[in-house]
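Using my numbering, read the sequence shown as starting at 1 and increasing by one per residue.
Note that the Cβ used here is the ideal one computed from N, Cα and C, for glycine as well.
Model, not experiment: these values are computed from the prediction.
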Amino acid sequence: MGAAWLARRIGLVKTMVFTHLPSSLLLIAVPFSPSLKGAILLFLCREALVEMDVPTRQSYVAAVVLPNERTFASGITNLARNIFWAIGSTVAGFFMQSVAFSAPLVIGGGAKISYDLLLYRAFRKLRAPEEH
């Protein structure tokens, strides 16, 4: 609901990026919280924002690709996300053991910020037809 409202005002790409960036910063902040309650609060605030990009991403992909390519484009997008989710636990475990217990949160947040900045740079000028 919040994503649709925001997308109407600032556009689909900006909604994806501008909800993900604070979410990623909150994720990075979790291990630096001085208390468990603070860490939980930061993580819950992050969770409120982290999935706001899903409906806007799906809407954007459907709007900017040809109708006969939408299923393929949606499938590739979801496949890429699921592959990283599948290997994420193994990679996180490695970093927790060899670097620091909090490393997956900091590295994951940094990776998401990089992804968002690259996404914005690549697609900020390619607006969905309904945004014109």
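Would you mind reading off the limits of the alpha helix (DSSP H) that contains residue i?
| i | result |
| --- | --- |
| residue 52 | No alpha helix (DSSP H) contains residue 52, which DSSP labels as neither H nor E. |
| residue 9 | 2-10 |
| residue 104 | 103-123 |
| residue 82 | 70-98 |
Ignore the nearest five residues each way along the sequence and tell me which others in residue i's own chain have a CB closer than 7 Å to its CB.
| i | result |
| --- | --- |
| residue 104 | 92, 95, 96 |
| residue 126 | 64 |
| residue 107 | 95 |
| residue 124 | 13 |
Rounded to a whole number of angstroms, what is the C-alpha to C-alpha distance between residue i and residue j?
| i | j | result |
| --- | --- | --- |
| residue 10 | residue 37 | 33 Å |
| residue 128 | residue 113 | 23 Å |
| residue 67 | residue 54 | 19 Å |
| residue 115 | residue 73 | 18 Å |
| residue 57 | residue 41 | 26 Å |
| residue 86 | residue 75 | 16 Å |
| residue 17 | residue 33 | 24 Å |
| residue 2 | residue 8 | 10 Å |
| residue 84 | residue 31 | 22 Å |
| residue 88 | residue 122 | 25 Å |
Excluding the 5 residues preceding and the 5 following residue i in the sequence, name in chain order all residues of the same chain whose CB lies nearer than 6 Å to its CB.
| i | result |
| --- | --- |
| residue 109 | 24, 27, 28 |
| residue 6 | 15 |
| residue 50 | 23 |
| residue 70 | 62 |
Going by beta carbon distance, what residues of the same chain come within less than 8 Å of residue i, once the five residues before and after it are set aside?
| i | result |
| --- | --- |
| residue 21 | 113, 116 |
| residue 130 | 63 |
Next on the checklist: When you compare the region 38-49 with the region 68-82, are there three or more beta-carbon pairs, one atom per stretch, that lie closer than 8 Å?
Outcome noted: no
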